[in-house]
Structure formats: C-alpha cells, structure tokens
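Taken in order, these protein sequences are the chains called A and B. For the first sequence, our numbering assigns the number 1 to the initial residue and increments by one for each residue that follows. For the second sequence, our numbering assigns the number 1001 to the initial residue and increments by one for each residue that follows. Don't be surprised by glycine CBs; every beta carbon is placed ideally from N, CA and C. The structure appears below as structure tokens.
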Amino acid sequence: MTTVAVKPATMAQALQRALRDAMAEDPSVHVLGEDVGTLGGVFRITDGLAAEFGDDRCTDTPLAEAGILGTAVGMAMYGLRPVVEMQFDAFAYPSFEQLISHVAKMRNRTRGAMPLPITVRVPYGGGIGGVEHHSDSSEAYYMATPGLHVVTPATVDDAYGLLRAAIASDDPVVFLEPKRLYWSKASWSPDDPAPVEPIGRAVVRRRGNSATLITYGPSLPVCLEAAEAARAEGWDLEVVDLRSLVPFDDATVADSVRRTGRAVVVHESTGFGGPGGEIAARVTERCFHHLEAPVLRVAGFDIPYPPPMLERHHLPGVDRVLDAVARLQWEAES
Amino acid sequence: MKKSSTSVQELPGAAADRPVPPPAWQPRTDPAPLLPDPAPYRALGTDAVAAADPGLLLRLYGELVRGRRYNAQATALTKQGRLAVYPSSTGQEACEVAAALVLREQDWLFPSYRDTLAAVARGLDPVQALTLLRGDWHTGYDPYEHRIAPLSTPLATQLPHAVGLAHAARLKGDDVVALAMVGDGGTSEGDFHEALNFAAVWQAPVVFLVQNNGFAISVPLAKQTAAPSLAHKAVGYGMPGRLVDGNDALAVYTVLRDAFTRAVRGEGPTLIEAVTYRIEAHTNADDATRYRSGGEVETWRAHDPIRLLEHELTERGILDEDGVREAAEAAETMAARLRDRMNAEPVLDPMDLFTHVYADQTSQLREQAEQLRAELAAAAGEGPGEVR
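Here you go:
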C-alpha cells in the first residue's frame, strides 16, 4: 500500500474537487448557476471549472433561480446531469415551484420513465456574519417534499463523498453545504478520497454511552466539542452525524439511542416545525421503552434569522447543548 | 473608462476632476425587426392558400375535424363521470393541430393542461393523453415515445423545461426544436419571463406559442397585461414576436414553420401570439356566463377555425362533399373508440403510489407500503399481512 502525502484541505476544496472529478468522469455533468463561471462562485466552489471544461459545461446563467432550476429540468430530460448552484439558502426560494412541482415529482408522475438526476447545491446556515437572507437553515422545507433526497456534509471527507454520490444519484438531491464549515480543515487528499458511500447512511462520530447527540452539518463540530466538555461532568456522549436527512437512517439513530437511553437533537434550524420534531418523534416511536428521559431539542429560536451582531445568541452552542444534556433526568439514576 | 478619463486629463486646459461623458450608448439589438406586425397574420383568403401544399391543407382540415370531435367527446366524458376534469380547446383547434403538424419526428412538444389535443394530433393515444384528467396518478405516457413532455398544470412552468431541453440538444449537436405552449394567463407568470430570457440569452432552438384565448379562467386579457400585445413582449428579450390569427390553421402553421426554420438555423427563439377564443368554459367545473356575454361567444363562433378552412378549401375545389363526410366519419370512429375505451373501468393499484417516488425505495416508504398493503388485505377480508 502506497503512502499518500496527506495535507490539510478545506471543505470548499473538497467540494470543488468533487465537482471537477465528476465533470471529468462524466461529460453529461453540467454546472450552472449565478457567478459560477468566471468568478468561480461567491464561495469559489466552482473555481477553475469554466476554465477547464468551458462555458458550456460550467455556465453563468441569468440571475433567476426558477429559470436556473427550470432549465436544468429540461437539460436533465435530455440526458444531462445538471449540478445547480443556488448562491445562498434564501435565494433558492424562487426555485421552489420548480423543485416541488417538477423536480421532486417527475419520476413518479412518469412511472419512472423520466427521472431527473439533478443536484441542487445550497450553501446554508449561519455563523459567517451574513446580513439578512444569507443565513437561513432551509432544510425543513426540502425535507417536507417527497421525491427529494436531502443531504448535508459535516466533514471534509463527506463533502467530497456525498457530493460525488449526489451527482451520481438518479434522483434529485438537495445538497446543503454548511457555509461556516467551508473553511474547516482536515487531513484529506484529493488523490486518495475515502470510498463514496451511498446516500442515506448516518454515522457515529463519537462513541459514548451516557446519551446520544443527534446532529448534522454545521452543528456537528458544536456537538463534538460539547461531548468533550461533558466528560468533566461525567457524561460520555455519543454523537451521531445524520449526513442524510432524506432518506433518514432510522436504524443507526435508533440503535444508538437504545444503547444510551437518552437523546438530544441539535440543529440551527428553528425548533417549531424544524427537523428536530420529526427526529424526536421517530426516536420516541422506536425507542420508547429504552428512553430514560424525553428526547430534547436544541434548535435555533423560532425567529427570523438574526443579524450578524446578534446571531451568536441564536446559534446552538456548546453551553446550550450541555444544558439540554443536564435536563435528561439523571436524578433518576442516582 | 480609464482610457477616456486619461484622455480628458490630457486635454489642454481640462480640469483633472472634470466629469467625463459615459461610453457611447447604442441598443444591443435593433428592435425594429423584432416587432410583431400591427395585425394578426392571416393566410386563408389570400394567395398563401394557392401556394400551400393541398395535402397539408387537407391534413389540417382532417385533424381539425377530429380535434373538434375529440374535444366534444372528452367534455361528454366529464358529464358521465369518466373524466375528473377536462379543459377544452374547442375553438382553439387550429393552434393545437398546427403545433402538432409542424413538429418533426425529433422535435419536442411541451404542452399545458389544455393541450392534450396537440399531443393526440402528434400521435399520442387519446386514452393515454387523458390519463391525468381521468384522475389517475401518473401522466399516462412515456414522454420519450413521442417526445411529448408530461402535461404541465402549474402555469408556464414547462417553458423553462423546453428551453433547457433545446439548449441541451444544441450542446450535444442534435437538430432538435422544442415547442412550448402556454396561454395568455401564463404570460403573467415569472417562469414565462425567465424562460424567454434564458432562451434568448442562450439562443436556444425554442418556439413559444401563446394561445391568447381571451381568458384566464374568468380574468380577461385587459386585467392580465398592459402590453400592446403579448407578441410585443418578445422585443424586451431580444427575440422576434409574431402575431397570428389563431383560428386560421394555415396561418398558425406558416408562422410556426418560419419560427422552426429560424430555430434550426441557429437564429434562436421566437415568441408567437395566436389570437383565438376559448369557446367553452375554462373546464366543466366553470360557469362562463358569470364573466362573459353570449354575444361575444357567438361572434367568435362565426370565426370558427373549421368553418374558415372548410369554406376556403371548398371554394377552391380542394375539398368536396365526400372529403367533408370522410373527415366527419373518421372523427366519429375515433370518438366511438375513445368512448368505449374510457367506459372500461380503470384498474388502479394503490401500491403503485410507492413504486416510483425514488429510484430505490426508502425504508420509510417500504414501511408505509406495507401498512397500506395490510390495510388493503384486511379490507379484502384476507387478514393482515396477506398480499392482495
């Protein structure tokens, strides 16, 4: 086995490499969006693609999200595999009619004759000091739409692997990129990427036996940090990274909670109507007799995403996670 | 910019901070050739008829007669409960038929819900075309078989699909034109704007056919737009707009064919407004007497597309009584067959609802499918867990 020199790489670099590799392997892969060509995208995820593959493969479109996704539908109908970039979470909303009424339903309404292998990349979430409309956690909107896959990486490895899997999928995938992790680094070599796993598998990031933190995307580092801090309190926390919100990996989550008997769901999205409610219900339905406490949620407040000067109060942090863990009825054990 | 400010500074006596005029401005496209004619183009009653292929004229006539009968039969089927709803294209058959006949084998049709007749005239089995309107869960046909996109109900949302498909075909070097159909109401939708804009920027081989039938359900055109005509909207996108009498089948065919020729030559998209009239209510569930007068309808009946063409062809000796009778008989045969087949009780399998949501069924859908399967089995008295 040869040793590959592994240097730190950012999630942004891994995503760029995933796009590049997919385009190099498959000429039907086309990237389109706003500023994705000459500029390389506002987050530089498509950097260099237009230069390498030409404007027809990496296309600066007019500034119109419904048009971008709508034309991507037509391109997919003709056998291409479009990868669409929505510039920011909240700027994807004009494309919702195309996404919900066509992208999500076309396979079904044509009895499988016309699948739409479209990847919709959406930078999402807060923590980067964005002004309004630049920090939404929009995952619940997508999760509520049957026919879509909804995935989100939390690590550099997964950024590459999940994006490759999303592009290779014959179903539409909403690929949520946690903005504040774009510049997170890990030892990762583009020449030796981890094997691509199929979409739909959660992973245990930290083994523990006191309670399970169920999380994804931008909240994974928060949960891992909280788990380290919790050792001082005598709690050995398990951390599950969902990676895929749809399909949902009930098996991995339930297996963890049955072992630990306690669970907290952690995400930036609002609590009311957010993913945590669905996850808590699923866990409760499957693990009721193993639970020592109600499943708790640590979520963003039910408010419009706050401005940069106040967002630190909104985002679930280590202390808020630990406070929730403290409320998991430990007194019953003593 | 930099150059001109330098030159100003170099002018003798010019103050260094003196403002400079902007770079010379000129329109990016000459708008004059893009403008529609002042009145809708008509072919019937002009020399264009003599120049036209008699075979084409007779084919248009036969399809119009068949199309009218199809509309009548589908409407009747709603009254018998065999169709959940039918948006009739009665009075608009010239647009529907011309659209179908102008398409070549490799071209694509993007119909709205009112355009099942265009799909049928292109060769789609009418029972398949009416599947969704019957109340079934799927579109009824494989879009790739006749290159007919699934019927689109959300207005104008199929237009960007047509643009994307045409663009993709061109990138692959294929000679394919996409024909996108929409109504006057649909031109107010954002997707109409975005589709036309993308099409023009990409110079995609697309033809947009707007059937201006006067009403969006109950709302007349005057409440829909203040544009001089819908065809004029093309100018804003940098593509030609064409205005045509939508009840003159030869005129619609001719204008469409010219637009196709442009598209094939790589000259980009065209917007066509066909002025026509929706003789029936919006659907069988609508009451048109609440928003328009019977007199208006009668005026348009006098400008009926079938009467126009039949009169013209008879006058010119292209069509005789036998031809009229044969067309009527062929239409009756089609209608009887459609009636018989639609009267057969459709067999739907509820389990199919889970089959095509994803390429690979999720564990959640597998569980839910099992739940429904057990419910069906219990209802059939077979006990839970049994397969139907």
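Should A/Arg111 be flagged as near chain B, meaning a C-beta pair shorter than 9 Å? Taking the first sequence and counting its residues from 1, the one referred to as residue 111 of chain A is at position 111. Yes - at least one Cβ of chain B is within 9 Å of the one on A/Arg111.
With a cut-off of 9 Å, does the C-beta of B/Ala1378 fall near any C-beta of chain A? Start at 1 with the first residue of the second sequence, and residue 1378 of chain B comes out as number 378. No, because no Cβ of chain A sits closer than 9 Å to the Cβ of B/Ala1378.
Per DSSP, what kind of secondary structure is B/Tyr1212 in: helix, strand or coil? Along the second sequence, read from residue 1 onward, the residue named residue 1212 of chain B stands at position 212. In the sequence on display, residue 1212 of chain B carries Asn and not Tyr. Three-state DSSP puts B/Asn1212 in a strand.
Candidates A/Gly129, A/Phe96, A/His314: which alpha carbon is nearest A/Glu139's? Counted from its first residue, the first sequence places residue 139 of chain A at position 139. Residue A/Phe96 is the option with its Cα nearest to A/Glu139.
Secondary structure, beta strand (DSSP E): runs of 3+ residues fully inside the segment 1259-1284 of chain B: 1270-1275
Residues of the segment 1128-1146 of chain B with Cβ closer than 7 Å to any Cβ of chain A, in chain order: His1138, Thr1139, Asp1142, Pro1143, Tyr1144
Could you give the DSSP three-state label for B/Ser1229: helix, strand or coil? Looking up residue 1229 of chain B in the second sequence gives position 229. Looking at B/Ser1229 - three-state DSSP - the assignment turns out to be coil, as it is neither helix nor strand.
Which residues of chain B have a Cβ atom closer than 8 Å to the Cβ of A/Met75, listed in chain order? In the first sequence, the residue the question calls residue 75 of chain A occupies position 75. Near A/Met75 (Cβ distances below 8 Å), the residues of chain B are Gly1164, Leu1165, His1167, Ala1168.
Name the one or two DSSP bridge partners that A/Thr46 has. Start at 1 with the first residue of the first sequence, and residue 46 of chain A comes out as number 46. Partner(s): none; A/Thr46 has no beta bridge.
Kindly give me the distance between the Cβ atoms of B/Leu1034 and B/Met1239, rounded to whole angstroms, as I take these residues to be in contact under 8 Å. On the second sequence, residue 1034 of chain B is found 34 positions in, with the first residue counted as 1. On the second sequence, residue 1239 of chain B is found 239 positions in, with the first residue counted as 1. Contact holds; Cβ gap of about 7 Å.
Comparing C-alpha positions only, which one of B/Ala1274, B/Gln1371, B/Thr1157, B/Val1127 sits nearest to B/Met1334? If you number the second sequence from 1, residue 1334 of chain B lands on position 334. Checked all of B/Ala1274, B/Gln1371, B/Thr1157, B/Val1127; the closest Cα to B/Met1334 is B/Val1127.
Between the C-alpha atoms of B/Ala1119 and B/Lys1223, what's the straight-line distance to the nearest angstrom? Reading the second sequence from its first residue, position 119 is the one you call residue 1119 of chain B. Reading the second sequence from its first residue, position 223 is the one you call residue 1223 of chain B. One C-alpha to the other measures close to 30 Å.
Sequence-distant residues of its chain with Cβ nearer than 6 Å to B/Arg1147 (five each side left out): Sequence index remark: in the second sequence, residue 1147 of chain B carries index 147 (1-based). Excluding residues within five positions, the ones whose Cβ falls inside 6 Å are Trp1108.
May I have the straight-line CA-CA distance separating A/Ala168 from A/Val29, to the nearest angstrom? Along the first sequence, one-based indexing puts residue 168 of chain A at 168. Along the first sequence, one-based indexing puts residue 29 of chain A at 29. Cα-Cα distance, rounded: 9 Å.
Going along the chain, which residues of the segment 237-254 of chain A sit with their C-beta nearer than 7 Å to a C-beta in chain B? Pro247, Phe248, Asp250
Taking 9 Å as the threshold (C-beta atoms), are A/Ala66 and B/Gly1190 in contact? The residue you call residue 1190 of chain B lines up with position 190 of the second sequence. The residue you call residue 66 of chain A lines up with position 66 of the first sequence. Going by C-beta atoms, B/Gly1190 is nearer than 9 Å to A/Ala66.
Return the CA-CA distance between A/Thr2 and A/Asp191, expressed in angstroms with no decimal places. As a working note, residue 2 of chain A is residue 2 in the first sequence. As a working note, residue 191 of chain A is residue 191 in the first sequence. Residue placement at A/Thr2 cannot be trusted, given a pLDDT of 48 that sits under 50; what the coordinates show is reported in the next sentence. Near 12 Å, if we compare the C-alpha coordinates of A/Asp191 and A/Thr2.
Determine whether the Cβ of B/Ser1005 lies closer than 9 Å to any Cβ atom of chain A. As a first step, residue 1005 of chain B is located in the second sequence; it is residue number 5 there, counting from the start. With a pLDDT of 48 at B/Ser1005, under the threshold of 50, the modelled position of that residue is not reliable, and the figure given next carries that caveat. No - not a single Cβ of chain A is within 9 Å of the one on B/Ser1005.
Assigned exposure category for A/Ile303 - 16 Cβ within 10 Å defines buried: Here residue 303 of chain A refers to the residue found at position 303 of the first sequence. The residue in question, A/Ile303, is exposed, as its Cβ has fewer than 16 Cβ neighbours within 10 Å.
Could you give the C-beta distance for A/Thr46 and A/Ser184, rounded to a whole number, given that I count them as a contact under 8 Å? The residue given as residue 46 of chain A occupies position 46 in the first sequence. The residue given as residue 184 of chain A occupies position 184 in the first sequence. The pair is not a contact, with the Cβ atoms about 19 Å apart (cut-off 8 Å).
Within 9 Å of any Cβ in chain A, is that where the Cβ of B/Val1235 sits? Stepping through the second sequence from its first residue, residue 1235 of chain B is reached at position 235. So no, B/Val1235 is outside the interface.
Residues of its chain near B/Ala1288, where Cβ-Cβ distance is below 6 Å and the 5 sequence neighbours each way are ignored: Position 288 of the second sequence, counting from 1, holds the residue named residue 1288 of chain B. Around B/Ala1288: Ala1281.
Alpha helix (DSSP H) runs wholly inside the segment 165-245 of chain A, at least 4 long, in chain order: 220-230
Should B/Arg1265 be counted as a contact of the ligand ATP given a C-beta to heavy atom distance under 8 Å? The ligand ATP is not part of this structure, which contains no ligands at all.
Residue nearest to A/Glu34 in terms of C-alpha spacing, selected from A/Arg243, A/Thr61, A/Arg20, A/Thr284: For the purposes of this step, residue 34 of chain A is taken as residue 34 along the first sequence, with counting starting at 1. The option with the nearest alpha carbon to A/Glu34 is A/Thr61.
Are the segment 151-162 of chain A and the segment 234-252 of chain A touching by the rule of at least three beta carbon pairs closer than 8 Å? yes
Buried or exposed for A/Asp319, please, with buried defined as at least 16 other CB atoms from any protein chain shown within 10 angstroms of its CB. If you number the first sequence from 1, residue 319 of chain A lands on position 319. With fewer than 16 Cβ atoms within 10 Å of its Cβ, A/Asp319 is classed as exposed.
Are the C-beta of A/Gly97 and some C-beta of chain B separated by less than 9 Å? Taking the first residue of the first sequence as position 1, residue 97 of chain A is located at position 97. Note that residue 97 of chain A corresponds to Glu in the displayed sequence, not to Gly. Taking Cβ atoms only, chain B reaches closer than 9 Å to A/Glu97, which makes this a yes.
Short check: CB of A/Arg164 to CB of A/Ala22, under 9 Å? Your numbering for residue 164 of chain A matches position 164 in the first sequence. Your numbering for residue 22 of chain A matches position 22 in the first sequence. A contact, by the Cβ cut-off of 9 Å.
Is the segment 1256-1272 of chain B touching the segment 1285-1299 of chain B in the sense that three or more CB pairs, one from each, lie closer than 8 Å? no
Over what stretch of residues does the alpha helix (DSSP H) that includes A/Pro304 continue unbroken? What you label residue 304 of chain A is simply residue 304 of the first sequence in a count that begins at 1. Careful: A/Pro304 lies outside any alpha helix (DSSP H) and carries neither H nor E.
Mind pulling the chain B residues with CB within less than 7 Å of A/Asp170? On the first sequence, residue 170 of chain A is found 170 positions in, with the first residue counted as 1. Neighbours of A/Asp170 on chain B, chain order: Ala1359.
Any beta-carbon of chain B closer than 9 Å to the one on A/Pro275? Counted from its first residue, the first sequence places residue 275 of chain A at position 275. Judged by the 9 Å Cβ criterion, A/Pro275 is not in contact with chain B.
I'd like to check one pair, A/Gly41 with A/Arg20: are the Cβ atoms closer than 9 Å? By 1-based counting over the first sequence, the position of residue 20 of chain A is 20. By 1-based counting over the first sequence, the position of residue 41 of chain A is 41. In this structure, A/Gly41 does not lie closer than 9 Å to A/Arg20 by Cβ.
For a cutoff of 9 Å on Cβ pairs, would you count A/Met23 as touching chain B? Counting from 1 along the first sequence, the entry for residue 23 of chain A is found at position 23. With 9 Å as the cut-off, A/Met23 does not count as an interface residue toward chain B.
Alpha-carbon to alpha-carbon, B/Ala1099 and B/Ala1156: For this step, residue 1156 of chain B is matched to residue 156 along the second sequence. For this step, residue 1099 of chain B is matched to residue 99 along the second sequence. C-alpha separation (whole angstroms): 17 Å.
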